[in-house]
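Under numbering that gives the first Met the number 0, the residue at position 158 of the sequence shown is numbered 157, and the numbers go up by one with no gaps. Glycine residues also receive a C-beta, built at the ideal position from the N, C-alpha and C atoms. Quantities reported herein were computed from a predicted structural model and do not represent experimental measurements.
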Amino acid sequence: MRVTVVGSGYVGTTLAACLADAGHDVTAVDIDPDVVAALNDGRAAIHEPGLDDLLAEHAGERLHATTEYDGVSDADVTFLAIGTPSRADGSIDLGPLTAAAEMTGEAIAGGSEGSAAEGNPEDRHLVVVKSTITPPGVGAIREALRAGAGDAADRVELATNPEFLREGSAVDDFQHPDKLVFGTDSDWAAERLDSLYEPLLAATGSEVPVIRTDPETAVMIKYANNAFLASKISLANDLGNVCKRFGIDAYEVMDAVGLDDRIGSQFLRSGVGWGGSCFPKDVDAIRAAAREAGYEPPMLDAAVAVNDGQPDRMLDLLDAHVDVAGERVAVLGLAFKPGTDDVRNSRAIPIIEALQARGADVVGYDPVATDTMREHFPDLEYADSAAAALDGASAALVVTDWDEFAALDDAFDAMADPVVIDGRRIIERRDGLTYEGLTW
Ligand code: NAD
């Protein structure tokens, strides 16, 4: 099939590369010329394992990138994979996605004038929202698409197909999904999505459940999914904070709790909390949408409150051991989780701010996220290695569980005062180290 993917960030690039790999002809559209140039060059503008290999294989063959919307009208399916960032009140900013939907509608109307004039009954266009949007947002994007399409509005149909991939394993997650969710208003749209995913599903070698529902329910499934996962971690953190008060290792407790198959063992690792571009934004967005609809969701409010408090708890543990004013303090890990260079809502951000407020001389280290963090803290000192960050430091705060932090060993010996506050349970306790685990 001919597929256009509008927006080439983490989701759009993964989608475009994987659809090309599945045999489709894909055009990636992005307003950023650097992103487009990188894609045509066979590489991603973002760090994501396996993505560059797919791009190198398919760029110039089954995958082309452009800043223009012209080709949209020729596509069998157009995906919108545009960012939906938070506004100050937590609700999602639909501005960029609305603009892309309008431009997509205009391109469809402009490009299909010929075939419409010839009365081509097959001249219908399916536009699929991949972005995470709230149920009321679906109507807004459908309106924008129809407004852009003008007289061609009746030949354009909107569907939703929320994405569940995780940064750091985006390609593998996309190629081996736990489920697919198709939110459509017609059999025609559902069948088109079936055809599109058919080669991908055939390649998984396992039975992938496909949930077929309406567009609003589909996007609500995405929010419920993320709200559940974020709340699960927050509950583990809440219980972890209780464990710490009693001198109990929360991991020993949760390892046992996770054996209950009604609970499951995943997302029970307590620590400094969740960040990234999805959990904070999505939980805030559905809380804001619920409030707007007259319901204040107390469980989701509490999940956010627990999460917001975890960095402070790390700082409390630090304060109990060392006054960091004027001292060098290493922050190990800047990405919101290992395997990505994404620092959006990383727990490292409030930690660095709190350290700076205490007058500490902060040095940050991350194996891949230094450049992205530099945009938030241009004047921070960034080390080339964890060992260099620790050298002469009076304390270290571990914020991301990169594997390499588990093997630092002698690097701690170069610290001026070896106080380590571990927010991810990645450092081994050892002689000569003043070690505090956040919830253990
Ligand atoms: P992103 O910010 O990484 O990428 C968005 C891209 O869209 C950018 O490259 C930007 O240049 C481009 N863009 C903006 N306006 C445009 C326009 N008018 N036309 C063409 N391109 C335009 O975003 P992302 O992380 O890929 O997320 C996209 C959506 O998918 C969001 O709604 C997000 O919530 C959702 N999502 C993200 C993830 C994730 O792990 N990142 C997972 C599931 C769902």
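Let me confirm a value: residue i is counted as buried when at least 16 other C-beta atoms fall within 10 Å, else exposed. Which label applies?
i	result
Gln265	exposed
Gly118	Note that Gly118 scores 45 on pLDDT, short of 50, meaning its location in the model is unreliable; the coordinates nonetheless yield the value given after this. The residue in question, Gly118, is exposed, as its Cβ has fewer than 16 Cβ neighbours within 10 Å.
Trp439	buried
Tyr222	buried
Phe245	exposed
Pro349	buried
Phe227	exposed
Ile45	buried
Leu258	exposed
Ile91	buried
Asp383	exposed
Pro208	exposed
Gly113	Per-residue confidence for Gly113 stands at a pLDDT of 45, beneath the threshold of 50, marking its modelled position as unreliable; no derived number is given.
Ser233	buried
Thr97	buried
Arg327	buried
Asp294	It is Tyr, not Asp, that sits at residue 294 in the sequence shown. Label assigned to Tyr294: exposed.
Ile140	buried
Nearest CA to the CA of residue i: which residue from the options?
i	options	result
Pro32	Ala64, Thr13, Gly41	Ala64
Met0	Gly22, Ala15, Tyr9	Gly22
Val256	Ala235, Asp430, Ala106, Gly275	Ala235
Ala188	Asp281, Arg154, Ala169, Pro198	Arg154
Met102	Ala19, Thr77, Pro84	Thr77
Leu164	Val180, Leu157, Val241, Ala152	Val180
Lys178	Leu379, Asp281, Ile210, Leu437	Ile210
Gly8	Val34, Leu192, Leu125	Val34
Asp29	Gly49, Thr3, Lys231, Ala388	Thr3
Gly338	Asp400, Ala394, Ala249	Asp400
Leu317	Ala217, Ser393, Ala80, Cys277	Ser393
Lys129	Asp88, Thr83, Glu56	Thr83
Ala58	Ser194, Asp193, Leu79, Asp20	Asp20
Ser185	Ala201, Ala143, His124, Gly239	His124
Asp421	Leu396, Leu18, Val321, Leu379	Leu396
Arg423	Gly6, Leu267, Asp51	Leu267
Asp281	Ala143, Thr369, Ala43, Arg86	Arg86
Pro279	Gly325, Leu238, Asn225	Asn225
My output table needs one value for residue i: the three-state DSSP class, helix, strand or coil.
i	result
Leu407	coil
Ile425	coil
Arg86	coil
Thr433	strand
Thr133	coil
Asp259	coil
Gly109	helix
Ala394	strand
Gly8	coil
Phe266	coil
Phe163	coil
Ala202	helix
Ala292	coil
Val252	helix
Leu144	helix
Trp401	coil
Leu62	strand
Ala115	Confidence at Ala115 is low in this model, with a pLDDT of 42, below 50, so the placement of that residue should be treated as unreliable; the coordinate-derived value is given next. It is helical.
Glu47	coil
Ile91	strand
Ala152	helix
Within the continuous alpha helix (DSSP H) that includes residue i, where are the two ends?
i	result
Tyr68	Note, Tyr68: premise wrong, no alpha helix (DSSP H); not H, not E.
Asp378	Careful: Asp378 lies outside any alpha helix (DSSP H) and carries neither H nor E.
Tyr364	From DSSP, Tyr364 is part of no alpha helix (DSSP H) but of the beta strand (DSSP E) over 360-364.
His320	From DSSP, His320 is part of no alpha helix (DSSP H); its letter is neither H nor E.
Ile351	347-356
Phe335	Unbroken run through Phe335: none, as it is neither H nor E.
Thr77	Careful: Thr77 lies outside any alpha helix (DSSP H), inside the beta strand (DSSP E) at 76-79.
Leu125	Segment 124-128 is the beta strand (DSSP E) holding Leu125; no alpha helix (DSSP H) there.
Leu38	32-39
Val170	169-174
Ala386	385-389
Which stretch, first to last residue, makes up the beta strand (DSSP E) that contains residue i?
i	result
Val25	24-28
Arg1	1-5
Ala329	327-331
His57	First-last for His57: 50-57, but that is the alpha helix (DSSP H), not the beta strand (DSSP E).
Gly447	This structure leaves residue 447 out entirely; the chain is present only between 0 and 439.
Glu215	First-last for Glu215: 214-244, but that is the alpha helix (DSSP H), not the beta strand (DSSP E).
Val180	179-182
Could you tell me whether the Cβ of residue i comes closer than 9 Å to any Cβ of chain B?
i	result
Ala223	The chain labelled as chain B is not found in the depicted structure, where only one protein chain is given.
Checklist entry - Counting pairs of beta carbons, one from the region 352-367 and one from the region 327-339, are three or more of them closer than 8 Å? => result yes
Next on the checklist: Would you call the region 71-82 in contact with the region 103-112, where contact means no fewer than 3 C-beta pairs closer than 8 Å?
Outcome noted: yes
Item to check | Cβ pair count under 8 Å reaching 3, the region 0-19 against the region 165-183 | outcome: Three or more beta-carbon pairs drawn from the region 0-19 and the region 165-183 are found closer than 8 Å, and the two stretches are therefore classed as touching.
Checklist entry - Is there contact here, the region 344-360 with the region 407-418, by at least three beta-carbon pairs under 8 Å? => result Because the criterion of three Cβ pairs below 8 Å is not met, the region 344-360 and the region 407-418 do not touch.
Checklist entry - Between the region 132-143 and the region 281-296, do three or more beta carbon pairs fall short of 8 Å? => result Three or more pairs of CB atoms, one per stretch, sit closer than 8 Å, so the region 132-143 contacts the region 281-296.
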